[in-house]
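Each remark here refers to the structure printed beneath this line.
Spelled out as structure tokens, the structure:
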């Protein structure tokens, strides 16, 4: 990665999301291949970032030996987590990964970093025009946009994306790391069961 960007300019942040109403538990602590989802995500971002931190309000995340960033504004969803992380960040480039998307590889973020250019952020786009704002790169300056929206009581990530100058990076089967379940998201117990089976099937 050093050939196009200094690793010291990159921070990583894992979005844990707190307790899920649909799962009835904190998704970051769910085990997949005998490791918590948050640990899978940490290992992914540790490959690209100088320092990786965990966005969480639960002190239990301190056990993973990475700094924990608590929300400045509670209960407003992922925008609150991203804003709090950008506010604390000391680097220009900030890599974000939601812990409930366990099949996202570090290679995705290398590609996003290669394409961010002068844009405010770089977002993966797949299946036509679907964007993934929780698996993305944001410059620290994006915090201003998030702060303005939060002040207005607008907490939707897509509203933030619409206001940002972003580089759309298409992810499809031409990508060397492509997998049709790349952005699979664990939201329900059935999703979790699928992820467990998928991991086992890949070992065969």
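In the working numbering, the protein residues as written are 592 to 795. Note that the Cβ used here is the ideal one computed from N, Cα and C, for glycine as well. None of these values were measured; they are calculated from a predicted model.
Original post:
Excluding sequence positions up to five away, which residues of its chain have a Cβ less than 7 Å from the Cβ of residue 789?
Top reply: 772
**OP:** Count the C-beta pairs between the region 693-702 and the region 669-677 that are closer than 8 Å, then say yes if the count reaches three, no if not.
**Re:** Cβ pair count under 8 Å is below three, so no.
Subject >> For residue 721: DSSP bridge partner residues >> reply: 717
Original post:
So, residue 605 versus residue 632, is the Cβ gap smaller than 7 Å?
Top reply: Going by beta carbons, residue 605 and residue 632 fall inside the 7 Å limit.
Subject >> Integer Cβ distance of residue 639 from residue 713, believed to fall under 8 Å >> reply: Between residue 713 and residue 639 the Cβ distance is about 13 Å, and since that is not below 8 Å, they are no contact.
Original post:
What's the gap between the Cα of residue 675 and the Cα of residue 793?
Top reply: 36 Å
Subject >> Proximal residues to residue 599 (C-beta, below 6 Å), its chain only, five neighbours per side dropped >> reply: 641
**OP:** Classify residue 786 as buried or exposed, calling it buried when 16 or more other Cβ atoms lie within 10 Å of its own Cβ.
**Re:** buried
Original post:
Closest to residue 731 by CA distance: which of 791, 645, 597 and 677 is it?
Top reply: Nearest Cα to residue 731 within the set 791, 645, 597 and 677: 677.
**OP:** Answer with buried or exposed for residue 618, where buried requires no fewer than 16 other C-beta atoms within 10 angstroms of its C-beta.
**Re:** buried
**OP:** Could you work out which residue in 699, 622 and 744 is closest to residue 780 when comparing CA atoms only?
**Re:** Of the listed residues, the one whose Cα sits closest to residue 780 is 622.
Original post:
Start and end of the beta strand (DSSP E) containing residue 646?
Top reply: 642-646
**OP:** Tell me where the beta strand (DSSP E) around residue 730 begins and ends.
**Re:** 726-730 is the span of the beta strand (DSSP E), which, as asked, contains residue 730.
Subject >> Nearest residue (CA-CA) to residue 699, options 783, 625 and 770 >> reply: 770
Subject >> Coil, strand or helix - residue 599 by DSSP >> reply: helix
**OP:** Report the rounded CA-to-CA distance for residue 735 versus residue 791, giving the unit in angstroms.
**Re:** Their Cα atoms are separated by approximately 43 Å.
Original post:
How is residue 712 classed by DSSP in three states: helix, strand or coil?
Top reply: strand
Subject >> The beta strand (DSSP E) enclosing residue 760, as first and last residue numbers >> reply: 757-761
Subject >> Reference residue 757; option with closest CA among 703, 747, 646 and 774 >> reply: 703
Subject >> Nonlocal neighbours in the same chain, by C-beta distance under 6 Å from residue 716, ignoring five residues either side >> reply: 722, 759 and 761
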